[in-house]
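Letter by letter, the sequence shown follows residues 1 to 105 of UniProt numbering. Inspection log for the structure reproduced underneath, given as structure tokens.
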Amino acid sequence: MKIQLEEVQPREIMPGYRGRLVHGEHMTLAYWDVDEGAEVPEHSHVHEQIMHVLQGSFEFTVGGAKQVYQAGELVVIPPHIPHSGKALTACRLMDVFSPVREEYK
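Rendered as structure tokens:
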């Protein structure tokens, strides 16, 4: 199946986070446009997650360790590990989740 990303309708999953979400059989791919200052509260989930900062600067706390990620940097978040984040600038992020994020469908 061929998908044109710009044709995928963005959804605001939480304030300041607009995602273009693509679901496969075993994973979800999310492209986020994030407003400067938008925050993701601490949470955890059963999904393994890989976050890639495409543009901007994003502060991410994983398992209590806080780091700032810049364009081109990635972080791997194992399942069930508490994590949170804040966009220090307007950002473009890409997340991969496995298994599928059913609540994002």
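Even glycine gets a Cβ: it sits at the ideal position worked out from N, Cα and C. None of the values given here were measured: they were computed from a predicted structure.
Terminal residues of the beta strand (DSSP E) in which residue i lies
i, result
"E12", "R11 to M14"
"E36", "Unbroken run through E36: none, as it is neither H nor E."
Residues bridged to residue i [DSSP beta-bridge criterion]
i, result
"H83", "H43 and V62"
"M51", "V75 and D95"
"A30", "L21 and D95"
"V68", "E59"
Inter-residue spacing [alpha-carbon to alpha-carbon] between residue i and residue j
i, j, result
"H52", "E73", "6 Å"
"V22", "V46", "19 Å"
"A30", "P78", "17 Å"
"I3", "K105", "16 Å"
"E42", "V8", "28 Å"
Residue i and residue j closer than 8 Å at C-beta
i, j, result
"I81", "V62", "yes"
"S44", "H83", "yes"
"R92", "D35", "no"
"A71", "Q55", "yes"
"G24", "P10", "no"
"V100", "M27", "yes"
"E59", "L88", "yes"
"V76", "Y69", "no"
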